[in-house]
Amino acid sequence: LARDPRIKLAEALQIFATRTEDYNDPYVGLQLGFKQMDVAGAHPWSRGDGVKVAIIDTGADTHHPDLRGRIVTAINFVDADDQQFQRDRHGTEMAGVIAAVANNREGIVGVAPGAHLLVFKACWQVRADADAASCNSFTLARALVAAFDAHVQIVNLSLAGPEDPLLSNLIREGLRRGVLFVGAAPSDLSAGKDSLLHQPGVIEVS
């Protein structure tokens, strides 16, 4: 074909691949869930830009370098201890898993690094050196109402507990408004039927 004077160019078919850059965040290699869900493959399509996610949990370190610019609201429904709010561990961890800044040479990469986080402290850390925390119906209800008032699109409830009429009604109201709820599945699946988050419309994650 190349010798035919009517043909300007003839060449072998070549193979190309999309170009991707590895994340420079030092602990991304330890994020097994990140790999299992192929979050890196999803990021070219969506990084959660502008999505408002309420984290109803303990407080969180709003000054953490991996959360810089991600936390847009932080409200304490437990007490007035701002210093403890910043030291709380579980809420900080959840905020990082959801929206840790990507490619900043810090920590990990969030599933939705473009999301806007609203941290509502409704749980208190039981011990200074452990993640364990407790909440109650009243503090959780206040946080849920605040999340609705802020018009969030997603509510994260990484907690476990019994079925609760007040909280169940609030969750149903949020679902009616189009809010997506993500919660922690109980470790004992047989106990799930009597848990707060085991209801239609709530995404339970283990």
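Convert by adding 73 to the 1-based position in the sequence shown; the result is the number in the working numbering. Ideal Cβ positions, reconstructed from N, Cα and C, are used throughout, including at glycine. What you are looking at is a predicted structure, and each value in this text was computed from that prediction instead of being measured.
- Under the DSSP assignment, N229 falls in the beta strand (DSSP E) whose first and last residues are I227 to L230.
- M167 counts as buried, since at least 16 other C-beta atoms from the protein chains shown sit within 10 angstroms of its C-beta.
- Along the segment 172-205, the beta strand (DSSP E) occurs as fully enclosed runs of 3 or more residues at 189-194 and 196-198, listed in sequence order.
- Taking C-beta separations shorter than 6 Å and ignoring five residues to either side along the sequence, the partners of D122 in its chain run G187, following chain order.
- In its chain, beyond the 5 residues on either side, G274 have a beta carbon closer than 6 Å to the beta carbon of L248.
- Counting along the chain, no alpha helix (DSSP H) covers F254; the unbroken beta strand (DSSP E) around it starts and ends at L253 to A257.
- Residue state for T146 is assigned as strand, using DSSP reduced to three classes.
- Under the three-state reduction of DSSP output, A219 falls in the helix class.
- In the three-state DSSP reduction, D155 falls in the helix class (H, G or I).
- Rounded to the nearest whole angstrom, the C-alpha separation of V252 and N229 is 11 Å.
- Looking only at T146, Q157, H137 and G142, the smallest Cα-Cα distance to R200 is reached by Q157.
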